[in-house]
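**Student:** The number in this note's numbering is simply the position in the sequence shown, starting from 1, with 1 added.
Okay, here's the structure, questions in a sec.
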Amino acid sequence: MNFFEQQCRAKRRSVQLVILMFLAVLSLILVFCMLLILPFSYGKTLENMASNWQFFATVAALVTAVVLLGGLVKYVELTGGGKVVARRLGGRLINHDARTLEERRLVNVVEEMALASGTAVPCVYLLPDQGINAFAAGFTPQDAVIGVTQGAISLLSRDELQGVIAHEFSHIYNGDMRLNTQLVAIVHGIMVIGLAGNHLLRGLEDTPHSSANRKQPTILVSMFGTALCIVGFSGTFFGNLIKAAVNRQREFLADATAVQYTRNPDSIVGALKKIGGYKMGSTLKAARAAEFSHLFFGPGATSSHLLSGHPDLRERIRRIDPDWDGIFVSIAAPAQDSMVARTVRAAPTKELP
Numbered sequence: 002m003n004f005f006e007q008q009c010r011a012k013r014r015s016v017q018l019v020i021l022m023f024l025a026v027l028s029l030i031l032v033f034c035m036l037l038i039l040p041f042s043y044g045k046t047l048e049n050m051a052s053n054w055q056f057f058a059t060v061a062a063l064v065t066a067v068v069l070l071g072g073l074v075k076y077v078e079l080t081g082g083g084k085v086v087a088r089r090l091g092g093r094l095i096n097h098d099a100r101t102l103e104e105r106r107l108v109n110v111v112e113e114m115a116l117a118s119g120t121a122v123p124c125v126y127l128l129p130d131q132g133i134n135a136f137a138a139g140f141t142p143q144d145a146v147i148g149v150t151q152g153a154i155s156l157l158s159r160d161e162l163q164g165v166i167a168h169e170f171s172h173i174y175n176g177d178m179r180l181n182t183q184l185v186a187i188v189h190g191i192m193v194i195g196l197a198g199n200h201l202l203r204g205l206e207d208t209p210h211s212s213a214n215r216k217q218p219t220i221l222v223s224m225f226g227t228a229l230c231i232v233g234f235s236g237t238f239f240g241n242l243i244k245a246a247v248n249r250q251r252e253f254l255a256d257a258t259a260v261q262y263t264r265n266p267d268s269i270v271g272a273l274k275k276i277g278g279y280k281m282g283s284t285l286k287a288a289r290a291a292e293f294s295h296l297f298f299g300p301g302a303t304s305s306h307l308l309s310g311h312p313d314l315r316e317r318i319r320r321i322d323p324d325w326d327g328i329f330v331s332i333a334a335p336a337q338d339s340m341v342a343r344t345v346r347a348a349p350t351k352e353l354p
């Protein structure tokens with residue numbers, strides 16, 4: 002494969018989708034204003050409509066402020082650093098506490114890929130899950146961490162593990178973690194609009210409407226709340242679609258960059274084939290796996306294709322190996338007794354071949 006061509010293609014597509022996201026936000030604000038303006042503008046002259054347009058321009062500014070504020074709150078919440086994510090997923094730091102030969106091999110591979118990518122060696126966390134997966138988390142390269150599942154270090158060869166780790170270093174190097182945080186914040190800001198509308202409508206249900214003088218204000222508030230719900234929740238859905246599409250392109254980019262770092266297409270292809278042929282695949286049992294699924298090498302939880310941040314395994318493999326025969330590598334789960342037998346002291350040991 003021409004990995005430089007694949008990288009350019011993925012980057013170009015990512016930029017297009019990010020631009021589409023911002024255009025979608027502007028369009029939603031415009032639609033919201035139109036939903037409010039049209040009922041009040043019916044049968045009025047241009048002079049009378051002018052005051053309405055000024056009023057709704059103010060409303061548009063307020064809605065924009067709500068989106069930005071809601072997004073900012075989420076943005077700050079997500080910038081806690083990669084260590085927070087790793088701990089929430091049940092990870093154990095192993096940089097200086099490698100207890101098995103496999104863990105020592107993992108630390109060595111991470112150090113090698115850090116050198117190949119020109120990135121500082123991050124903290125390495127081991128997750129207890131038996132699914133084959135890994136992730137990179139953090140807001141900057143300085144606070145980034147890499148997490149790898151027990152299934153990955155037990156079932157992947159050294160070359161395959163190297164391909165997976167190189168993929169995660171691509172996410173760190175290309176700033177994918179920061180980009181994803183920004184997209185999540187934008188979608189959350191849009192969702193706040195829908196939540197505000199839902200709150201208004203629920204408030205009306207608890208308000209008595211016996212007085213005729215209250216009917217007109219109630220209708221206006223109801224229209225306003227309905228417009229907020231329509232724009233907020235539909236915008237959240239389409240925003241998630243765009244965010245998932247961006248993430249899929251970044252996965253293609255990371256796959257191509259992994260080939261660049263390792264100079265071995267078979268390394269990452271082999272890992273993907275094993276995920277496809279493994280009964281547990283890349284799924285995790287951690288309670289918060291779905292929340293952080295977008296960070297993983299493979300999907301950590303099941304989701305619909307449109308909302309999945311990961312491309313289909315077959316498509317990922319064929320992007321790297323167009324001549325693939327379509328057959329996954331069937332593997333069985335590692336025996337627990339063999340894992341216990343490989344336990345060693347935390348001191349440096351001879352690396353597995």
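Glycine included, C-beta positions come from ideal geometry on N, C-alpha and C.
According to DSSP, V149 sits in a beta bridge with which residue or residues?
**Tutor:** Answer is L127, A135, bridged to V149.
**Student:** What residues match up with Y279 in a beta bridge as DSSP calls it?
**Tutor:** Partner(s): I332.
**Student:** How big is the Cα-Cα spacing for H97 and A153?
**Tutor:** If you take the alpha carbons of H97 and A153, they lie about 20 Å apart.
**Student:** Using DSSP with H/G/I as helix, E/B as strand and the rest coil, what is L307?
**Tutor:** Reduced to three states, the DSSP call for L307 is coil.
**Student:** Express the C-alpha separation of I318 and A272 in angstroms, rounding to a whole number.
**Tutor:** Whole-angstrom Cα-Cα distance: 10 Å.
**Student:** Is L180 helix, strand or coil when you go by DSSP?
**Tutor:** Helix.
**Student:** Identify the residues that DSSP records as bridge partners of R93: which are they?
**Tutor:** Answer by DSSP bridge pairing, in chain order: L127.
**Student:** Considering only C-alpha positions, which residue in the set S118, P123, A117, G119 is nearest to V108?
**Tutor:** Checking every option, the nearest Cα to that of V108 belongs to P123.
**Student:** Would you list the one or two residues that DSSP bridges to F297?
**Tutor:** F136.
**Student:** Do Y262 and M35 come within 8 Å of each other at the CB atom, strictly closer than that value?
**Tutor:** No, these two residues do not count as a Cβ contact at 8 Å.
**Student:** Straight-line CA distance for T101 to E161?
**Tutor:** Taking the straight line from one Cα to the other gives about 18 Å.
**Student:** With DSSP run on the structure shown, which of helix, strand or coil describes V122?
**Tutor:** DSSP places V122 in coil when its eight states are reduced to three.
**Student:** Quick one: grab the DSSP three-state call for T1.
**Tutor:** Outside the shown range of the chain (2 to 354) lies residue 1, about which nothing can therefore be said.
**Student:** Put R14 into one of helix, strand or coil per three-state DSSP.
**Tutor:** Three-state result, R14: helix.
**Student:** Would you please state the rounded distance, in angstroms, between the beta carbons of I269 and I321? I believe it to be under 8 Å.
**Tutor:** Rounded, the Cβ-Cβ distance is 7 Å, consistent with contact.
**Student:** According to DSSP, is A290 helix, strand or coil?
**Tutor:** Note: A290 maps to coil in three-state DSSP.
**Student:** Could you check whether L254 and N181 sit closer than 8 Å to each other, using their CB atoms as the reference points?
**Tutor:** In this structure, L254 does not lie closer than 8 Å to N181 by Cβ.
**Student:** So the alpha helix (DSSP H) Q357 belongs to, where does it begin and stop?
**Tutor:** What the structure shows of the chain is the stretch from 2 to 354, and residue 357 is not part of that stretch, so it cannot be assessed.
**Student:** Compare the beta carbon distance of G301 and R249 with 8 Å and say whether it is the shorter of the two.
**Tutor:** Against a cut-off of 8 Å, the Cβ pair of R249 and G301 comes out as no contact.
**Student:** Does G240 come out as helix, strand or coil in the three-state DSSP assignment?
**Tutor:** In this structure, G240 counts as helix in the three-state DSSP scheme.
**Student:** Looking only at C-alpha atoms, which of L79, F57, F23 sits nearest to E292?
**Tutor:** For the residues L79, F57, F23, the minimum Cα distance to E292 belongs to L79.
**Student:** I'd like the list of long-range same chain contacts for P142, defined as Cβ closer than 7 Å, with 5 residues on each side in sequence excluded.
**Tutor:** Closer than 7 Å at the Cβ level, and outside the excluded window around P142, lie T120, A121, I173.
**Student:** Please report the residue range of the alpha helix (DSSP H) in which L314 lies.
**Tutor:** Looking at the DSSP string, the run of the alpha helix (DSSP H) that includes L314 is 314-321.
**Student:** Work out the CA separation of G198 and L205 for me, nearest whole Å.
**Tutor:** Between L205 and G198, the C-alpha separation is close to 11 Å.
**Student:** Could you give the distance in angstroms between the alpha-carbon of S158 and the alpha-carbon of A135?
**Tutor:** About 15 Å.
**Student:** Report yes if the C-beta distance between F33 and V64 is below 8 Å; otherwise report no.
**Tutor:** Result yes, Cβ atoms of F33 and V64 sit closer than 8 Å.
**Student:** Smallest Cα separation from D130: which of V16, A167, G92?
**Tutor:** Here the closest residue by C-alpha is G92.
**Student:** What number of angstroms, rounded off, separates the C-alpha of P335 from the C-alpha of N265?
**Tutor:** The alpha-carbon atoms of P335 and N265 are separated by roughly 26 Å.
**Student:** For P354, I'd like the list of residues in its chain whose CB is within less than 6 Å of its CB, leaving aside the five on either flank, ordered along the chain.
**Tutor:** Reliability of the predicted coordinates at P354 is poor, the pLDDT of 44 falling under 50, and the value obtained from them is presented with this limitation in mind. Same-chain partners within the cutoff: there are none.
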